[in-house]
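Here's the structure we're looking at; comments come further down.
Numbering (the numbering used here), first residue to last: 2 to 467.
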């Protein structure tokens with residue numbers, strides 16, 4: 002018996018048994034395709050089936066079998082009923098998922114959007130980049146630059162460690178997608194977290210936006226042109242269920258590699274697989290009312306029905322929080338400060354406070370620059386330097402102190418630097434990096450660690466995130 006969809010006006014959940022157990026037909030040849038996932042990678046060439054990585058664990062739905070059975074006229078419900086006998090179909094509302102971007106491990110988050118974005122309660126302009134470093138309290142240190150490696154525009158700390166697209170909700174246009182500097186683009190919000198002392202990057206994204214990236218990485222979009230659109234629909238339901246039943250980390254439910262499900266962001270999105278996601282929106286597999294962690298693989302022999310009692314389950318549909326990633330923007334204040342109106346950095350504010358060009362430090366002689374390891378910023382003036390860090394705030398120091406911190410800055414010093422008296426030096430060495438494991442501990446980088454790169458020059462970027 003084929004599963005049917007039932008509608009109940011008093012509930013958003015639809016649950017019907019799937020009992021289809023039709024024997025698999027014999028596999029025939031197909032076109033070239035690549036299959037990855039919680040699973041493996043295969044190529045199907047005319048007259049042969051050749052593994053390029055492996056067939057995976059072989060549990061649950063066979064993607065190869067789904068392709069062949071869809072061509073034979075099976076519906077997505079038929080395919081799922083065969084591979085997950087005893088499972089039910091259920092319905093969920095809109096929700097988000099957190100995805101750990103593993104290629105970004107131990108890197109700062111450096112991201113921008115063509116249309117601009119929101120971060121730390123403020124809006125950044127088109128092409129302006131936000132650089133986030135996680136803090137032990139769950140927040141983040143934020144440095145915003147003109148472009149990925151341009152001049153520092155402002156910096157701040159925030160208790161909301163995410164960068165958000167300009168518009169809320171799913172299906173945002175491409176110019177609102179957040180792009181990693183030197184990497185790929187993502188829908189939804191990008192943020193940072195600490196895993197012990199290790200940095201992690203998280204994509205918090207609408208579930209169907211996430212699946213729009215997963216499906217073309219797990220199945221060939223051109224299957225829709227080969228009479229196998231129902232296999233794409235079956236994959237969408239299985240992938241949605243698998244993701245929602247995951248609970249891998251405190252900061253994210255799942256990951257973006259074949260350890261979980263392949264998810265390269267927007268780079269492989271295709272209208273045909275996106276249509277398959279839309280055609281199944283909200284539909285999940287259940288076991289005893291809880292979302293089934295519906296494993297699948299690239300088993301080339303078509304696979305066999307699974308014992309779903311051996312699969313883990315996640316929450317019930319009504320336990321999911323129906324949310325979409327959205328920034329927490331402050332309410333407009335009628336008494337904005339001069340600093341807010343001017344878009345001042347903390348260094349600008351300190352410079353204005355001590356008297357600007359008429360102060361002891363004199364005229365500025367260059368833009369704000371990043372300290373090593375993005376621990377803060379500094380700006381040089383004719384008679385001194387202002388350094389700003391999360392720990393110190395803004396401090397006036399002399400050129401010799403700057404050279405302790407950024408030895409490579411020597412060739413940038415003005416002629417007035419020689420023989421100048423000390424202006425104002427902190428009683429202890431300037432702390433640069435707060436240790437993730439201990440809010441009170443600080444580290445001074447060795448000369449080998451010092452990057453000393455101007456923010457308008459070459460700044461080390463993150464990993465590609467692919």
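Idealized CB from N, CA, C, for every residue including glycine.
In terms of DSSP beta bridges, what is residue i paired with?
{"i": "residue 377", "result": "390"}
{"i": "residue 113", "result": "180"}
{"i": "residue 186", "result": "180"}
{"i": "residue 158", "result": "142"}
{"i": "residue 292", "result": "287"}
{"i": "residue 255", "result": "100"}
{"i": "residue 165", "result": "119"}
{"i": "residue 192", "result": "163 and 203"}
{"i": "residue 76", "result": "None, per the DSSP bridge assignment."}
{"i": "residue 297", "result": "62"}
{"i": "residue 395", "result": "389"}
{"i": "residue 130", "result": "146"}
{"i": "residue 278", "result": "BP columns for residue 278 are empty, so no partner."}
{"i": "residue 347", "result": "According to DSSP, residue 347 bridges with nothing at all."}
Shortest alpha-carbon distance to residue i belongs to which of the options?
{"i": "residue 195", "options": "101, 114 and 177", "result": "101"}
{"i": "residue 77", "options": "202, 240 and 300", "result": "240"}
{"i": "residue 306", "options": "366, 266 and 80", "result": "80"}
{"i": "residue 399", "options": "169, 361, 118 and 221", "result": "361"}
{"i": "residue 297", "options": "348, 236, 166 and 212", "result": "236"}
{"i": "residue 319", "options": "93, 345 and 260", "result": "93"}
{"i": "residue 168", "options": "197, 114, 246 and 245", "result": "114"}
{"i": "residue 314", "options": "66, 288 and 327", "result": "288"}
{"i": "residue 285", "options": "242, 86 and 249", "result": "242"}
{"i": "residue 396", "options": "321, 353 and 154", "result": "353"}
{"i": "residue 120", "options": "149, 108, 141 and 136", "result": "141"}
{"i": "residue 227", "options": "63, 410, 72 and 64", "result": "72"}
{"i": "residue 272", "options": "136, 213, 263 and 139", "result": "213"}
{"i": "residue 191", "options": "198, 207 and 199", "result": "207"}
{"i": "residue 166", "options": "157, 160 and 176", "result": "176"}
{"i": "residue 137", "options": "403, 200 and 110", "result": "200"}
{"i": "residue 269", "options": "324, 375 and 186", "result": "186"}
{"i": "residue 86", "options": "111, 301, 159 and 310", "result": "310"}
{"i": "residue 381", "options": "181, 410 and 104", "result": "410"}
{"i": "residue 118", "options": "259, 327, 152 and 210", "result": "327"}
{"i": "residue 264", "options": "211, 278, 253 and 300", "result": "211"}
{"i": "residue 477", "options": "107, 379, 198 and 204", "result": "No answer is possible for residue 477: it lies beyond the span of the chain, which begins at 2 and ends at 467."}
{"i": "residue 238", "options": "252, 254, 255 and 274", "result": "274"}
{"i": "residue 234", "options": "60, 405 and 75", "result": "75"}
According to DSSP, is residue i part of a helix, a strand, or is it coil?
{"i": "residue 268", "result": "coil"}
{"i": "residue 366", "result": "coil"}
{"i": "residue 284", "result": "strand"}
{"i": "residue 220", "result": "coil"}
{"i": "residue 40", "result": "Summary for residue 40: the model assigns pLDDT 36, below 50, so the residue's position carries little reliability; its value from the coordinates is reported in the next sentence. Correct three-state label for residue 40: coil."}
{"i": "residue 92", "result": "strand"}
{"i": "residue 86", "result": "coil"}
{"i": "residue 383", "result": "coil"}
{"i": "residue 401", "result": "helix"}
{"i": "residue 234", "result": "helix"}
{"i": "residue 353", "result": "helix"}
{"i": "residue 122", "result": "coil"}
{"i": "residue 101", "result": "strand"}
{"i": "residue 322", "result": "coil"}
{"i": "residue 250", "result": "coil"}
{"i": "residue 51", "result": "The predicted position of residue 51 is uncertain, since its pLDDT is 33 and thus under 50; a value taken from the coordinates is nonetheless stated next. Here residue 51 sits in strand by DSSP."}
{"i": "residue 135", "result": "strand"}
{"i": "residue 147", "result": "coil"}
{"i": "residue 328", "result": "coil"}
{"i": "residue 423", "result": "In this prediction, residue 423 has a pLDDT of 40, which is less than 50 and means its spatial position is unreliable; nothing more can be read from the coordinates."}
{"i": "residue 464", "result": "The pLDDT assigned to residue 464 is 36, lower than 50, so where the model puts this residue is not dependable; a value taken from the coordinates is nonetheless given after this. If DSSP states are grouped into helix, strand and coil, residue 464 belongs with coil."}
{"i": "residue 416", "result": "helix"}
{"i": "residue 34", "result": "Residue placement at residue 34 is poorly supported in this model, since its pLDDT is 31, which falls under 50; the coordinates still yield a value, given next. Of the three classes helix, strand and coil, the one that applies to residue 34 here is coil, per DSSP."}
{"i": "residue 360", "result": "coil"}
{"i": "residue 29", "result": "Model confidence at residue 29 stands at a pLDDT of 27, short of 50, so the residue's coordinates are unreliable; what they give is reported in the following sentence. If DSSP states are grouped into helix, strand and coil, residue 29 belongs with coil."}
{"i": "residue 371", "result": "strand"}
{"i": "residue 317", "result": "coil"}
{"i": "residue 407", "result": "coil"}
{"i": "residue 340", "result": "Confidence is the limiting factor: at residue 340 the pLDDT is only 49, short of 50, which leaves the residue's position unreliable, though a coordinate-based value still follows. Reduced to three states, the DSSP call for residue 340 is helix."}
Just confirm the distance between the C-beta atoms of residue i and residue j, as a whole number of angstroms; I'd bet it's less than 8 angstroms.
{"i": "residue 293", "j": "residue 246", "result": "6 angstroms"}
{"i": "residue 134", "j": "residue 375", "result": "6 angstroms"}
{"i": "residue 182", "j": "residue 112", "result": "7 angstroms"}
{"i": "residue 219", "j": "residue 262", "result": "7 angstroms"}
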